[in-house]
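Asker: 1 is the number of the first residue of the sequence shown in the working numbering; add one for each residue after it.
Built from N, CA and C at the ideal position, the CB exists for glycine as well.
The structure under discussion is supplied below as C-alpha cells; questions concerning it will follow.
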Amino acid sequence: VIVERQWLKLAETTYTDPFGKTRIWETVKRTGNKKGVTADGVAVIAVLQRTLHYDCIVLVKQFRPPINAYCLEFPAGLIEENESAESAALRELKEETGYKGEVIECTPALCLDPGMSNSTTHIVSVIINGDEAENTRPKQNLEFVEVVSLPKNDLLQRIDELVAEEDLAVDARVYTYALALKRAEEKPIQVPFMNTAGLGRPARLPHGSQGKNLTALAAADAPQNQFT
1 VIVERQWLKL AETTYTDPFG KTRIWETVKR TGNKKGVTAD GVAVIAVLQR
51 TLHYDCIVLV KQFRPPINAY CLEFPAGLIE ENESAESAAL RELKEETGYK
101 GEVIECTPAL CLDPGMSNST THIVSVIING DEAENTRPKQ NLEFVEVVSL
151 PKNDLLQRID ELVAEEDLAV DARVYTYALA LKRAEEKPIQ VPFMNTAGLG
201 RPARLPHGSQ GKNLTALAAA DAPQNQFT
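Now the structure itself:
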C-alpha cells in the first residue's frame, strides 16, 4: 500500500506478464472488507412508467469533485455488509430519487475501470409504477442530488441537449445505454441479393458497382434461363 485514506487506498500490484516478466501496476482500491457482498456497489437503470405518459429513464445529477463538474448518472451507491444487490438498488433508488421500484433484472458483478481499479458493480434494472400514490410525489433524502427524468424513446438527444445547455459531464454507462437504445431503433441496412443458378450463392456484383442500383445489378447477373 502506497497511501491509504478513509475510503480509498493506492497500492502496487505485482504480476507476471505473458512473457514471464515481473511487473508492477499502480491500483486504486476501496478500503475495508465487507462480508456477504458480491460487488462494491450497484447502478440502477430505473424506468418510470405512467399512464398516458412516455416511459422515462430516471437519472441523477450531482457534483463530482474529481472532475470538478456536475455529472449525469444512474442512481448508484455502495452495497452494505450482508446486503443483496437487489436490496441495495431499491434502497439507493429510494434515497436518491424518492421512487419505490421493483427489480426485474440484475447483472453479475461487472468491472468499472479495470485499468485503474478493482472496483465492481451490479447493473440493476428496475421498473417504477408512476401511478402508485407513493410515486406521484416522490421525495428524495439527499440534499445535493438532483433528479432528472428523460424520455426513454429520445434519451440520447435529450442528454446531448442537456450537455449543450449546461456545463455537464455524463457517466459513460448512461451515454452507452442511451446510444444502445438509439442504435436498437435503427433499421438494419438491407442489400437485395438473388440466387445464382439456383445454388443459393449471392449474385456477383461487377467491379466498380459501388453506389449503383444493386437490385438491377443482381438481376442482370442472374441466368436468364434459370427457370426454363
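Does the separation of the CB atoms of I159 and I127 fall below 8 Å?
Answerer: Taking the first residue of the sequence shown as position 1, residue 159 is located at position 159. Taking the first residue of the sequence shown as position 1, residue 127 is located at position 127. Contact flag unset, no.
Asker: Less than 8 Å between the beta carbons of L59 and V174, yes or no?
Answerer: Within the sequence shown, the letter at position 59 stands for residue 59. Within the sequence shown, the letter at position 174 stands for residue 174. Contact: yes.
Asker: What does the Cβ neighbour count give for T121, buried or exposed, with the cut at 16 atoms within 10 Å?
Answerer: Walking along the sequence shown from the start, residue 121 turns up at place 121. So T121 ends up on the buried side.
Asker: Flag L72 as yes if its beta-carbon sits less than 8 Å from any beta-carbon of chain D, otherwise no.
Answerer: Chain labels in this structure do not include chain D; a single protein chain is all it has.
Asker: If you reduce the DSSP assignment to three classes, tell me which class N135 lands in.
Answerer: Locating residue 135 in the sequence shown gives position 135, where the first residue counts as 1. Residue state, collapsed to three classes: helix.
Asker: Find out if the Cβ-Cβ distance for the pair S117, K34 is shorter than 8 Å.
Answerer: Here residue 117 corresponds to residue number 117 of the sequence shown, with the count starting at 1. Here residue 34 corresponds to residue number 34 of the sequence shown, with the count starting at 1. No, these two residues do not count as a Cβ contact at 8 Å.
Asker: Between which residues of its own chain and I45 is the CB-CB distance below 8 Å, once the five residues before and five after are set aside?
Answerer: In the sequence shown, residue 45 corresponds to position 45, counting from 1. Same-chain partners within the cutoff: I57, F74, I123, V124, S125, V126, Y177.
Asker: I need the DSSP call for Y15, collapsed to helix, strand or coil.
Answerer: Locating residue 15 in the sequence shown gives position 15, counting from the first residue. Of the three classes helix, strand and coil, the one that applies to Y15 here is strand, per DSSP.
Asker: I want to know whether the stretch 129 to 142 touches the stretch 83 to 97 - three or more CB-CB distances under 8 Å.
Answerer: Because the criterion of three Cβ pairs below 8 Å is met, the stretch 129 to 142 and the stretch 83 to 97 touch.
Asker: Counting C-beta neighbours from all protein chains within 10 Å, is the total for V3 16 or more, i.e. buried, or is it exposed?
Answerer: Along the sequence shown, one-based indexing puts residue 3 at 3. So V3 counts as exposed.
Asker: Thinking just about the alpha-carbon of each residue, which of G77, E86, Q6 is nearest to the one in T31?
Answerer: In the sequence shown, counting from the first residue as 1, residue 31 sits at position 31. Of G77, E86, Q6, the residue nearest in Cα terms is Q6.
Asker: What's the call for L10, buried or exposed, on a 16-neighbour Cβ count within 10 Å?
Answerer: Taking the first residue of the sequence shown as position 1, residue 10 is located at position 10. The residue in question, L10, is exposed, as its Cβ has fewer than 16 Cβ neighbours within 10 Å.
Asker: Does A46 come out as helix, strand or coil in the three-state DSSP assignment?
Answerer: Stepping through the sequence shown from its first residue, residue 46 is reached at position 46. DSSP places A46 in strand when its eight states are reduced to three.
Asker: Consult DSSP for I253 and reduce its assignment to one of helix, strand or coil.
Answerer: With the chain represented from 1 up to 228, any question about residue 253 goes unanswered, as that position is not in the structure.
Asker: Using a Cβ-Cβ cutoff of less than 6 Å, which residues in the same chain neighbour E102 once the five nearest sequence positions on both sides are dropped?
Answerer: Counting from 1 along the sequence shown, the entry for residue 102 is found at position 102. Cβ neighbours of E102 beyond the five flanking positions: I127.
Asker: Helix, strand or coil: how does DSSP classify S87 here?
Answerer: As a working note, residue 87 is residue 87 in the sequence shown. Helix, per DSSP.
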